[in-house]
Amino acid sequence: MLNIGLGCNGKLRRFELDVDFVELDVLPPLLHKALTSISSPHFSYFSLRLFQGSLEPNPDAGPGDRKTLWGAGWNVVDEALYAHAVRRDDFRFMVQIVTGESTEAAVEGLFPRMKSNGSLLITRQQPGCDSR
Amino acid sequence: MGLPRELIDGIMRFNDLQTLKSCSLTSKALYSATRPLIHRRMVLGVGSLLRGCSYEILSLETVRDQADVFHARYLSEAEERGLLRYGYVREVDLDLRAGNPENTLQLPQLRALGTVDTLRIQSLDLHRFLPIFPRCFSQFVPTLRSLTLEDAQCKNAHQLIEFICRFPHLDDLALINPCGSGGSAFVGTPPWLEGPRPQRRLPLTCHLVLNGTDSLAQCLLDLPGGICFRSVSTRSCLKNLAKLLAACSSTLEILNIFCFESSECGTLTLAPIH
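Sequence order for the protein chains is A and B. For what it's worth, the numbering used here labels the leading residue of the first sequence as 4, then goes sequentially. For what it's worth, the numbering used here labels the leading residue of the second sequence as 11, then goes sequentially.
Okay, here's the thing in structure tokens:
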């Protein structure tokens with residue numbers, strides 16, 4: 004079991020999370036916990052970078068099924084991020100993905116409040132351009 | 011030239027490389043003012059890496075120009091001819107991965123470099139080099155602020171920390187994939203069993219990059235005065251990560267975590283600490 008503590012964070016400005024080969028279903032509740040625990044007034048940037056192995060399209064998707072392996076529960080992450088965006092006008096949430104346009108639209112669909120607030124930034128890398 | 015040195019330095023910083031090179035040929039004063047801007051990084055390889063040479067190779071790179079290649083002995087010759095008197099070499103990369111290990115004993119030739127603030131070493135065998143530290147690395151001690159050790163070979167975490175503690179002005183520290191001698195997986199023994207505990211407090215206030223073991227993280231936590239990094243970048247499979255972040259909690263501004271699914275960390279949990 005692994006714990007990443009973000010409790011005492013009076014000066015935290017940037018939180019960058021790079022994810023590879025982690026089942027995305029497990030991320031939303033963990034991110035929600037981490038984001039809601041950040042009390043730093045300086046927190047203005049959260050980056051979620053997903054490498055290729057984390058974001059495969061769902062080959063078995065039928066009508067009504069999710070088209071990617073993104074899990075449910077991202078709405079609470081969207082809410083937690085929005086709470087930070089309300090506190091700071093310059094707060095930005097950057098999602099970096101290695102995939103195509105369809106997934107970019109899916110990401111926007113997962114974070115509607117951040118999208119409408121103008122705080123959601125998405126950058127896309129071509130497969131094989133893994134910058135690790 | 012009649013102008014204060016800092017003013018000349020300020021003006022020079024806005025010139026492109028070709029202009030700097032031209033300026034450096036006009037007078038001794040402009041040579042010393044432009045030299046730090048022309049040459050910045052020094053990359054050192056060992057043994058037959060370039061052009062089939064059988065001895066140590068030194069590559070002296072210009073900031074924006076292609077690299078020129080010299081033999082390692084260039085350093086000594088450069089020192090004898092006074093070319094290093096202006097102290098323009100600030101960063102040194104040492105790559106000890108390839109070649110005959112005996113060639114690494116030529117490292118004392120680096121003694122000519124007395125103003126280096128950034129040192130990156132790949133595949134340093136600490137077990138061999140700690141006993142001859144004064145001969146190989148003492149010239150870096152007064153000025154070194156940033157140290158990167160990648161794939162360092164050591165018997166335990168203590169050796170690594172002992173090496174780090176020899177540089178009392180360190181602000182930045184990067185420890186990437188330390189391993190046991192012979193390339194085996196790094197297994198840390200309980201710290202401070204094999205030697206005296208360091209007494210001096212290191213600054214360690216800027217950046218920490220740590221891809222290592224829990225015992226190494228614990229050694230960092232046990233340093234005299236602790237740690238207070240402003241930026242931490244690490245892999246999440248460290249069990250001591252929460253403690254590490256807690257130690258830096260009053261200063262931490264930037265946190266980068268790389269999560270990956272592996273046999274070492276089957277379950278990932280992000281949780282606040284209280």
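We put the CB at the ideal spot given by N, CA and C, even for glycine.
DSSP state of residue i mapped onto helix, strand, coil
{"i": "A/F46", "result": "coil"}
{"i": "A/R140", "result": "What the structure shows of chain A is the stretch from 4 to 135, and residue 140 of chain A is not part of that stretch, so it cannot be assessed."}
{"i": "B/R100", "result": "coil"}
{"i": "A/D23", "result": "strand"}
{"i": "B/F173", "result": "helix"}
{"i": "A/Q128", "result": "coil"}
{"i": "B/H217", "result": "strand"}
{"i": "B/T153", "result": "coil"}
{"i": "A/A75", "result": "coil"}
{"i": "B/V126", "result": "coil"}
{"i": "B/C189", "result": "strand"}
{"i": "B/A227", "result": "helix"}
{"i": "A/F94", "result": "coil"}
{"i": "B/C164", "result": "coil"}
{"i": "B/L233", "result": "coil"}
{"i": "B/C269", "result": "strand"}
{"i": "B/I21", "result": "helix"}
{"i": "B/G12", "result": "coil"}
{"i": "A/K36", "result": "helix"}
{"i": "A/I41", "result": "coil"}
Sub-8 Å separation of residue i and residue j beta-carbons
{"i": "B/F239", "j": "B/T261", "result": "yes"}
{"i": "B/H179", "j": "B/C229", "result": "no"}
{"i": "A/Q99", "j": "A/S50", "result": "yes"}
{"i": "A/V89", "j": "A/H35", "result": "no"}
{"i": "B/R23", "j": "B/S34", "result": "no"}
{"i": "B/L170", "j": "B/L226", "result": "yes"}
{"i": "B/E101", "j": "B/T128", "result": "yes"}
{"i": "B/L255", "j": "B/L220", "result": "no"}
{"i": "B/L183", "j": "B/L218", "result": "yes"}
{"i": "B/R130", "j": "B/L104", "result": "yes"}
{"i": "A/W77", "j": "A/P32", "result": "no"}
Cβ-based burial, residue i [other Cβ within 10 Å; buried from 16]
{"i": "A/A108", "result": "exposed"}
{"i": "B/T244", "result": "buried"}
{"i": "A/A75", "result": "exposed"}
{"i": "A/D28", "result": "exposed"}
{"i": "B/R211", "result": "exposed"}
{"i": "B/G20", "result": "exposed"}
{"i": "B/N166", "result": "buried"}
{"i": "B/E16", "result": "exposed"}
{"i": "B/L157", "result": "buried"}
{"i": "B/S133", "result": "buried"}
{"i": "A/R52", "result": "buried"}
{"i": "B/N250", "result": "buried"}
{"i": "B/R145", "result": "exposed"}
{"i": "B/S241", "result": "buried"}
{"i": "B/P14", "result": "exposed"}
{"i": "B/I142", "result": "exposed"}
Sheet register partners of residue i (DSSP bridge)
{"i": "B/I264", "result": "A/R17, B/S241"}
{"i": "B/A184", "result": "B/T158, B/V219"}
{"i": "A/L123", "result": "A/F96"}
{"i": "A/R52", "result": "A/D21, A/Q99"}
{"i": "B/C33", "result": "DSSP lists no partner for B/C33."}
| query | Does the pairing of the segment 39-46 of chain A with the segment 251-261 of chain B give three or more beta-carbon distances under 8 Å? | reply | no
| Contact between the segment 107-121 of chain A and the segment 20-38 of chain B (3+ Cβ pairs under 8 Å) | no
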